[in-house]
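These notes concern the structure reproduced below.
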Amino acid sequence: MNPEEKAKLLETLDLILKHLQSQSSNSGSDYKVVLYLVPIFGIVFGSALLFLFFIGGIDKESKLSKQDFIKKKLSILELILSF
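The opening residue of the sequence shown carries number 1 in UniProt numbering; numbering runs sequentially from there.
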């Protein structure tokens with residue numbers, strides 16, 4: 001190995017070492033992303049749950065009871081069979 005190749009190899013190894021050291025110093029950034037995304041998902045899914053809860057409770061009185069539903073289905077069935 002001539003001196004030019006040796007110098008190039010040492011320079012490349014030094015760059016690799018610096019890159020690895022910079023990667024190890026940025027390991028805390030993964031936790032920052034998670035800590036940033038968890039509240040966003042919580043707010044979005046919580047809002048969706050509240051929305052669905054309130055929508056379901058609004059027309060509770062207007063929903064048909066089970067017996068009324070069965071009567072309605074039977075009348076539709078009788079109407080279809082009468083043709």
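Glycine residues also receive a C-beta, built at the ideal position from the N, C-alpha and C atoms.
Other residues of its chain near residue i: CB distance less than 8 Å, five sequence neighbours each side excluded
i	result
K18	none
Own chain residues within Cβ distance below 6 Å of residue i, not counting five before or after
i	result
L77	none
Own chain, CB closer than 7 Å to residue i, minus 5 neighbours either side, in chain order
i	result
I55	none
Q | Sequence ranges, alpha helix (DSSP H) only - wholly within the stretch 1 to 59, length at least 4 | A | Restricted to the stretch 1 to 59, the alpha helix (DSSP H) segments that are unbroken, complete and at least 4 residues in length are 3 to 25, 29 to 58, listed in chain order.
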